[in-house]
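Per this note's numbering, the sequence shown runs over residues 434 to 938.
Each residue gets a CB set at the ideal place from its N, CA and C atoms; glycine is no exception.
Scroll down for the structure; my scribbles are underneath it.
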Amino acid sequence: MGHVLETRGITKNFTGTKALDDVSIYVEPGEVHGIVGENGAGKSTLMKILSGIYRKDSGEIFLNGKQVEFNNPNEAIQSGIGIVHQEVSIVPNLSVAENIFANRQPVNALGLINRKQMNQDTMALLEEFGARDIDPGGQVRFLTIAQQQVLEILKAMSCNPSVLILDEPTSSLTDNESEALFASIRRLKEKGTSFIYISHHLDEIFKICDSISILKDGRFVCRADVKDIDQPFIVRNMVGREITDEYGSGQKQRTAGEVIFEARQLGRVSEFAKVDFKLRKSEIVGVFGLVGAGRTELASSFVGLTQPETGELYFEGKPVKIRSMKQAISMGMAYVSEDRKNSGLFLKKTIRDNIVANKLKKIAKGPFISKKTGDRMAEDAIDRYSVACSSKEQLAGDLSGGNQQKILVAEWLSDVPRVLIVDEPTKGIDVGSRSQIYGFINDLANQGTAVMMISSDLMEIIGMSDRVVVMKDGFVAGEVAKEDMTEEHILSIATGVNQERGIPS
Ligand SMILES: Nc1ncnc2c1ncn2[C@@H]1O[C@H](COP(=O)(O)OP(=O)(O)OP(=O)(O)O)[C@@H](O)[C@H]1O
Ligand SMILES: [Mg+2]
Numbered sequence: 434m435g436h437v438l439e440t441r442g443i444t445k446n447f448t449g450t451k452a453l454d455d456v457s458i459y460v461e462p463g464e465v466h467g468i469v470g471e472n473g474a475g476k477s478t479l480m481k482i483l484s485g486i487y488r489k490d491s492g493e494i495f496l497n498g499k500q501v502e503f504n505n506p507n508e509a510i511q512s513g514i515g516i517v518h519q520e521v522s523i524v525p526n527l528s529v530a531e532n533i534f535a536n537r538q539p540v541n542a543l544g545l546i547n548r549k550q551m552n553q554d555t556m557a558l559l560e561e562f563g564a565r566d567i568d569p570g571g572q573v574r575f576l577t578i579a580q581q582q583v584l585e586i587l588k589a590m591s592c593n594p595s596v597l598i599l600d601e602p603t604s605s606l607t608d609n610e611s612e613a614l615f616a617s618i619r620r621l622k623e624k625g626t627s628f629i630y631i632s633h634h635l636d637e638i639f640k641i642c643d644s645i646s647i648l649k650d651g652r653f654v655c656r657a658d659v660k661d662i663d664q665p666f667i668v669r670n671m672v673g674r675e676i677t678d679e680y681g682s683g684q685k686q687r688t689a690g691e692v693i694f695e696a697r698q699l700g701r702v703s704e705f706a707k708v709d710f711k712l713r714k715s716e717i718v719g720v721f722g723l724v725g726a727g728r729t730e731l732a733s734s735f736v737g738l739t740q741p742e743t744g745e746l747y748f749e750g751k752p753v754k755i756r757s758m759k760q761a762i763s764m765g766m767a768y769v770s771e772d773r774k775n776s777g778l779f780l781k782k783t784i785r786d787n788i789v790a791n792k793l794k795k796i797a798k799g800p801f802i803s804k805k806t807g808d809r810m811a812e813d814a815i816d817r818y819s820v821a822c823s824s825k826e827q828l829a830g831d832l833s834g835g836n837q838q839k840i841l842v843a844e845w846l847s848d849v850p851r852v853l854i855v856d857e858p859t860k861g862i863d864v865g866s867r868s869q870i871y872g873f874i875n876d877l878a879n880q881g882t883a884v885m886m887i888s889s890d891l892m893e894i895i896g897m898s899d900r901v902v903v904m905k906d907g908f909v910a911g912e913v914a915k916e917d918m919t920e921e922h923i924l925s926i927a928t929g930v931n932q933e934r935g936i937p938s
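Encoded structure:
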């Protein structure tokens with residue numbers, strides 16, 4: 434059988450970077466084809482070319498055997514290529530249904546938008562995906578990042594593409610939501626839809642993909658059927674070395690000390706309630722929960738982004754009110770946000786300026802850092818985190834997704850903070866760099882930092898945490914000690930129906 438989609442010799446240059454060099458891949462009808470490679474390998478660039486966002490410098494694209502040229506995203510969609518981008522691109526002021534049906538709303542006999550129909554269709558899609566907690570009429574800006582991601586996926590699926598590209602679709606999803614996505618993929622696959630699936634989670638690749646292509650530094654390395662290979666094969670070919678002890682259990686040299694940060698009966702209406710929470714010196718506390726459990730909201734109230742309405746916070750035993758992020762920073766707190774686009778990175782600034790900017794905020798020592806010091810800080814960070822970039826003067830917004838995340842982490846992990854709060858720290862980061870970041874977090878904890886690590890990646894939670902706090906519906910549903918940390922146990926608390934305490938009010 435012929436290929437649904439094929440690229441031959443695709444090349445793409447950006448100023449100073451050869452993003453793609455002679456890349457040829459193909460996708461067969463009804464298969465899920467994985468694309469794997471390190472951060473900056475060129476995966477998203479290739480997908481943007483296939484979906485009409487970027488123009489290729491050279492090479493050819495074939496769809497069902499016919500050569501095609503896409504001058505804009507619409508032409509690609511018309512031809513049957515759908516894409517869910519790595520970064521959510523939803524219009525915040527429209528409703529859920531309006532987003533899904535943007536530019537193709539169902540109309541009634543008078544040519545007016547049939548809102549009822551639209552909401553019904555949306556409801557059906559949401560039902561199918563098991564996302565009943567999303568209100569079709571609700572405004573998108575009130576959705577969490579995970580819910581927005583679900584929306585993006587539904588939007589692309591609702592166009593019935595013949596090839597659907599998913600660029601790291603699960604990076605903000607919990608396991609349950611990922612499973613719902615996989616179920617949808619399998620269903621559409623039965624009907625003949627083909628997929629290109631990009632992920633840094635290799636276990637997902639083995640779960641959902643039939644075949645993969647590996648990219649490295651903009652070049653095609655090899656294609657393989659998933660049934661013929663194992664994880665070490667992929668890692669070897671994409672990273673060029675083996676990874677052992679990913680979570681650095683061998684590096685752990687610490688015992689938890691005194692309580693540094695504490696919340697007592699903390700609450701904020703419709704976010705979380707009655708939260709008792711302790712962070713000790715030299716301890717990594719993993720915080721797990723399903724979407725909507727209130728983890729990010731809780732962290733925001735710890736670092737002054739929001740104000741708790743009930744309860745108290747204590748810092749080194751003394752009651753504190755943290756009114757702003759600036760105050761939190763001056764107390765020695767650091768915060769890596771899950772939302773790099775809105776509260777992390779200055780996309781229009783250079784890598785160097787991003788690194789210097791946050792450093793400045795942190796040491797709050799007056800505005801002046803010499804050019805030389807700034808340059809050195811940026812070069813150190815690029816080196817330490819192996820950031821794939823043309824130079825420290827590259828705009829942060831032009832970096833690959835994973836490399837943006839590395840800059841964000843680099844900004845915060847360069848000092849030894851008293852308290853470090855990281856929210857989904859390895860979102861979008863490749864396997865090699867991920868173990869590096871774990872190494873840095875372990876180092877900080879070994880040196881005395883109290884770490885709160887929010888993550889939806891259960892393996893990461895279990896691998897890294899000294900203690901796990903599980904949240905559910907805004908409450909602390911349970912705590913798990915090292916020796917009891919199994920996936921089943923943590924999940925049963927996170928999904929537990931036994932804790933009948935309702936929604937915080
Ligand atoms: N608009 C742009 N301008 C300049 N350079 C770019 C641009 N887009 C991508 N690049 C560069 O091209 C290379 C490939 O980036 P790409 O986003 O395709 O990587 P990726 O494989 O998707 O990585 P990740 O896993 O981090 O998402 C990177 O070095 C990146 O910095
Ligand atoms: Mg990418």
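Any non-hydrogen atom of ligand 1 closer than 8 Å to residue i Cβ
{"i": "ASN836", "result": "yes"}
{"i": "ASN472", "result": "yes"}
{"i": "GLY430", "result": "Given a span of 434 to 938 for the chain in the structure shown, any question on residue 430 remains unanswerable."}
{"i": "PHE447", "result": "yes"}
{"i": "SER819", "result": "no"}
{"i": "GLN827", "result": "yes"}
{"i": "SER457", "result": "no"}
{"i": "THR450", "result": "yes"}
{"i": "LEU648", "result": "yes"}
{"i": "ASP816", "result": "no"}
{"i": "ASP661", "result": "no"}
Burial state of residue i (16 or more Cβ within 10 Å)
{"i": "ASP663", "result": "exposed"}
{"i": "MET766", "result": "buried"}
{"i": "ALA914", "result": "exposed"}
{"i": "GLY435", "result": "exposed"}
{"i": "ARG674", "result": "exposed"}
{"i": "PHE710", "result": "buried"}
{"i": "THR882", "result": "buried"}
{"i": "GLY935", "result": "The pLDDT assigned to GLY935 is 46, lower than 50, so where the model puts this residue is not dependable; a value taken from the coordinates is nonetheless given after this. Exposed, by the Cβ-count rule."}
{"i": "LYS798", "result": "Note that LYS798 scores 49 on pLDDT, short of 50, meaning its location in the model is unreliable; the coordinates nonetheless yield the value given after this. Classification of LYS798: exposed, given that the 10 Å Cβ count is below 16."}
{"i": "GLN407", "result": "Nothing can be reported for residue 407: it is not among the residues displayed for the chain, which extend from 434 to 938."}
{"i": "GLU560", "result": "exposed"}
{"i": "GLY777", "result": "buried"}
{"i": "ARG756", "result": "exposed"}
{"i": "ALA829", "result": "buried"}
{"i": "GLU471", "result": "buried"}
{"i": "GLY625", "result": "exposed"}
{"i": "CYS822", "result": "buried"}
{"i": "GLU933", "result": "For GLU933, the predicted structure reports a pLDDT of 43, less than 50, and the residue's modelled location is therefore unreliable. A value from the coordinates is still provided. Looking at its Cβ environment, which holds fewer than 16 other Cβ atoms inside 10 Å, GLU933 is exposed."}
{"i": "ASN787", "result": "buried"}
{"i": "GLN837", "result": "buried"}
{"i": "GLN911", "result": "Correcting the residue identity first, residue 911 is Gly in this sequence and not Gln. It counts as buried."}
{"i": "SER898", "result": "buried"}
{"i": "GLN714", "result": "Residue identity check: residue 714 is Lys in the sequence provided, not Gln. LYS714 is buried by the Cβ-count criterion."}
{"i": "SER763", "result": "exposed"}
heavy atom of ligand 2 below 8 Å from residue i C-beta
{"i": "GLU601", "result": "yes"}
{"i": "GLN519", "result": "yes"}
{"i": "LYS860", "result": "no"}
{"i": "LYS476", "result": "yes"}
{"i": "ILE631", "result": "yes"}
{"i": "SER833", "result": "yes"}
C-beta atoms of residue i and residue j nearer than 9 Å
{"i": "VAL517", "j": "GLU585", "result": "yes"}
{"i": "GLU730", "j": "GLU704", "result": "yes"}
{"i": "LYS622", "j": "GLY463", "result": "yes"}
{"i": "VAL849", "j": "LEU877", "result": "yes"}
{"i": "SER734", "j": "ARG701", "result": "yes"}
{"i": "TYR630", "j": "ILE641", "result": "yes"}
{"i": "THR577", "j": "VAL724", "result": "yes"}
{"i": "SER595", "j": "ILE514", "result": "yes"}
{"i": "VAL437", "j": "ASN497", "result": "yes"}
{"i": "GLU749", "j": "ILE693", "result": "yes"}
{"i": "MET885", "j": "VAL720", "result": "yes"}
{"i": "ILE874", "j": "LEU846", "result": "yes"}
{"i": "LYS499", "j": "THR444", "result": "no"}
{"i": "TYR680", "j": "TYR459", "result": "no"}
{"i": "ASN879", "j": "LYS685", "result": "yes"}
{"i": "GLY492", "j": "VAL529", "result": "no"}
{"i": "VAL501", "j": "SER512", "result": "yes"}
Continuous alpha helix (DSSP H) assignments of at least 4 residues falling wholly in the segment 593 to 642
As far as the segment 593 to 642 is concerned, its whole alpha helix (DSSP H) runs of at least 4 residues are 608 to 623, 635 to 641.
Threshold first: 3 residues or longer. Then list the beta strand (DSSP E) segments lying entirely within the segment 810 to 885, N to C.
Segments of the beta strand (DSSP E) lying fully in the segment 810 to 885: 852 to 856.
Quick check on the DSSP output: what are the complete alpha helix (DSSP H) runs of length 4 or more inside the segment 725 to 779, in order along the chain?
For the segment 725 to 779, whole alpha helix (DSSP H) runs of length 4 or above, ordered along the chain, are 728 to 735, 758 to 763, 773 to 776.
Segments assigned alpha helix (DSSP H), at least 4 residues, entirely inside the segment 464 to 544
Those alpha helix (DSSP H) runs which fall completely within the segment 464 to 544 and span 4+ residues are 476 to 483, 506 to 512, 529 to 533.
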